[in-house]
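**Student:** Pasting a structure below so you can have a look.
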Amino acid sequence: MAAYFAVHSGQHPLLRGLCAGLIALSLTMASAGSQAAMVTAAVAANFTGTMEKLIPRFEQQTGHRVRASYGSTGKLYAQVRHGAPFDVFLAADQARPERLEREGDGVAGTRFTYARGRLVLWSREDNLFSDPESFLASASGPRIAIGNPRTAPYGIAAMEVFDHLNLSEAVRPRLVSGDSIAQTFQFVATGNAGAGFVALAQVRAWNKPGGSVWLVPQSLHSPITQQAQLLKRGKDNAGAAAFLAFLQSKEARAIIEKDGYDTEPMPTD
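If you want it as structure tokens, here you go:
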């Protein structure tokens, strides 16, 4: 069986001192002569841009290959439960990885937080919401895109913002729902919605001048804790173990943070 390990707070304390060595071992297995593996990854849509930066670095260092499929966390979870051939799961929440672990599709002890997402209200139009609360409360404002709360954790966070501001009923007629946070972003980018609640990382990747951005205070919604885990199908895949190790490395976390996420300290720091 391929080596795997958990490094999030409170799990496997006897392994914490060995994590640095295990990460180094996993990242050099390919150069030591092990056969390069193909890793199939189910990845939350908000993490698309960052994942596309991480994959080539990982592949260059290890010789392993990664094939990523992107979508809403809820839909990816359902695909895993129905036997989709994924080795690792990078969710946009903590709840689905926990459920997969309980249900036997996630390998126990491999779950860790790879990012904490930041929610923003974004529009391509300049100076659209100098007062975000008044903008949301207005009955005559443009349509507002959010991720489907049933499948997209960033959509759940947006609904919590409305609840905290006592604006759930006022804003409801203006809402348009995307299947994933990627589709939600596209609604705004194409002008099909005047504004939308999306991930900060998506706006940074957009990288075009102008527009309006409100970085939503984290006190207005539950933490967007994004967890990764090894799946049952990948438990004997050396590449899958190596990728999860890479995801916890300082190099990977620097990229993740630059793209607009928060990360947690690792025992190897």
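In mature numbering (1 follows the signal peptide of the UniProt record, and there is no 0), the protein residues as written are -36 to -1, 1 to 233. No residue lacks a Cβ here, since even glycine has one placed at the ideal position from N, Cα and C.
Count the other CB atoms within 10 Å of the CB of H28; is the residue buried (16 or more) or exposed (fewer)?
**Tutor:** buried
**Student:** Taking T148 as the reference, which of G105, T115 and R66 has the closest Cα?
**Tutor:** Here the closest residue by C-alpha is T115.
**Student:** Identify the residues that DSSP records as bridge partners of L54: which are they?
**Tutor:** V7 and A192
**Student:** If we call anything under 8 Å between Cβ atoms a contact, is A56 one with E65?
**Tutor:** no
**Student:** Tell me, please, whether the CB atom of K199 is closer than 8 Å to any CB atom in chain E?
**Tutor:** The chain labelled as chain E is not found in the depicted structure, where only one protein chain is given.
**Student:** Let me know the secondary structure DSSP gives D223 once reduced to three states.
**Tutor:** coil
**Student:** When we look at the beta-carbon of H46 and count the other beta-carbons within 10 Å, is it buried (16 or more) or exposed?
**Tutor:** exposed
**Student:** Just list the residues that DSSP pairs W178 with in beta bridges.
**Tutor:** L85
**Student:** Could you tell me which of I120, D51 and A9 sits nearest to Q193, measuring between CA atoms?
**Tutor:** D51
**Student:** Should N91 be labelled buried (16 or more other beta-carbon atoms within 10 Å of its own) or exposed?
**Tutor:** exposed
**Student:** Could you tell me the alpha carbon to alpha carbon distance between G142 and A153, rounded to whole angstroms?
**Tutor:** 13 Å
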